[in-house]
Amino acid sequence: MVLAWYYHYYIFFQCPDVCSHAEETVHASSPHHLDCVRASEQCQKEQACSTKYRTMRQCVAGGKESNFSMVAGLEAMDECRSAMDALKQSPLYNCRCKRGMKKEKNCLRIYWGMYQTLQGNDFLEDSPYEAVNSRLSDIFRLAPILGEPAMTRENNCLNAAKACNLNDTCKKYRSAYISPCTSRVSSAEVCNKRKCHKALRQFFDKVRRGGSPAPV
703 MVLAWYYHYY IFFQCPDVCS HAEETVHASS PHHLDCVRAS EQCQKEQACS
753 TKYRTMRQCV AGGKESNFSM VAGLEAMDEC RSAMDALKQS PLYNCRCKRG
803 MKKEKNCLRI YWGMYQTLQG NDFLEDSPYE AVNSRLSDIF RLAPILGEPA
853 MTRENNCLNA AKACNLNDTC KKYRSAYISP CTSRVSSAEV CNKRKCHKAL
903 RQFFDKVRRG GSPAPV
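Residue numbers for the sequence shown follow my numbering, so the first one is 703 and each next one is one higher.
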């Protein structure tokens with residue numbers, strides 16, 4: 703799904719900024735992630751982790767971090783940030799889910815609760831599911847986005863868009879997120895990021911369910 707990720711970044715943020723950000727955030731896929739249900743159970747058994755996790759959930763229930771000064775004061779705001787920073791070092795931060803797993807919905811709830819809190823309004827570059835080798839993944843590697851000189855990055859982003867256009871599954875579902883991710887809501891906001899994130903999650907889900915596309 704690497705290329706699809708770049709493709710919606712290309713639409714949303716403009717190519718040059720996307721590629722610069724991508725070099726900092728894209729990482730090699732891990733061979734295995736602890737599923738979020740087990741990670742949560744493990745966290746609950748450790749007093750320090752359990753306390754921080756409970757604090758984070760209370761912070762989320764109280765409102766977004768930008769509003770903490772209004773609802774709970776600066777001290778509570780610092781406590782929330784401390785809890786979030788601590789959880790970045792816990793198994794919960796890198797947990798994933800598996801499609802069809804037992805308690806899948808609960809796993810996804812834990813995953814998105816963690817990532818929407820820890821990442822704030824930043825774009826979510828990862829899927830909640832473990833990576834699965836497929837023909838679609840091979841096609842997404844057609845565009846050599848990483849490791850290129852700065853002067854060629856814009857063309858590589860265009861190549862990413864073209865590759866998605868050549869893939870029937872990617873092309874079929876991409877229109878569902880183009881509108882929510884490009885509809886400006888104010889002079890300072892390119893789009894409603896909450897709606898855009900939701901549309902992108904649905905896009906990833908539909909592409910994965912779409913099966914292996916025909917060879918290009």
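Where is the CB? At the ideal position from N, CA and C, for every residue including glycine.
Range of the contiguous alpha helix (DSSP H) that encloses residue i
i, result
"Val-892", "Here Val-892 belongs to no alpha helix (DSSP H), and DSSP marks it neither H nor E."
"Ser-792", "Note, Ser-792: premise wrong, no alpha helix (DSSP H); not H, not E."
"Ser-742", "738 to 747"
"Tyr-879", "870 to 884"
Length of the line joining the Cα atoms of residue i and residue j
i, j, result
"Met-779", "Met-816", "17 Å"
"Ala-788", "Arg-756", "12 Å"
"His-735", "His-899", "22 Å"
"Lys-804", "Arg-811", "13 Å"
"Ala-901", "Lys-874", "14 Å"
"Glu-832", "Glu-743", "19 Å"
"Val-762", "Arg-876", "31 Å"
"Glu-806", "Lys-897", "22 Å"
"Lys-895", "Lys-908", "20 Å"
"Glu-891", "Leu-776", "27 Å"
"Ser-687", "Gln-749", "A question about residue 687 goes unanswered here, because the residues of the chain that appear run from 703 up to 918."
"Arg-903", "Arg-798", "14 Å"
"Ile-880", "Asn-796", "28 Å"
"Gln-791", "Lys-754", "11 Å"
Within 8 Å, strictly: CB atoms of residue i and residue j
i, j, result
"Val-739", "Cys-782", "no"
"Pro-830", "Trp-814", "yes"
"Ala-878", "Phe-905", "yes"
"Met-758", "Ala-785", "yes"
"Lys-800", "Asp-870", "no"
"Gln-746", "Ser-752", "yes"
Rounded distance between the beta-carbons of residue j and residue i, thought under 8 Å
i, j, result
"Cys-893", "Pro-882", "6 Å"
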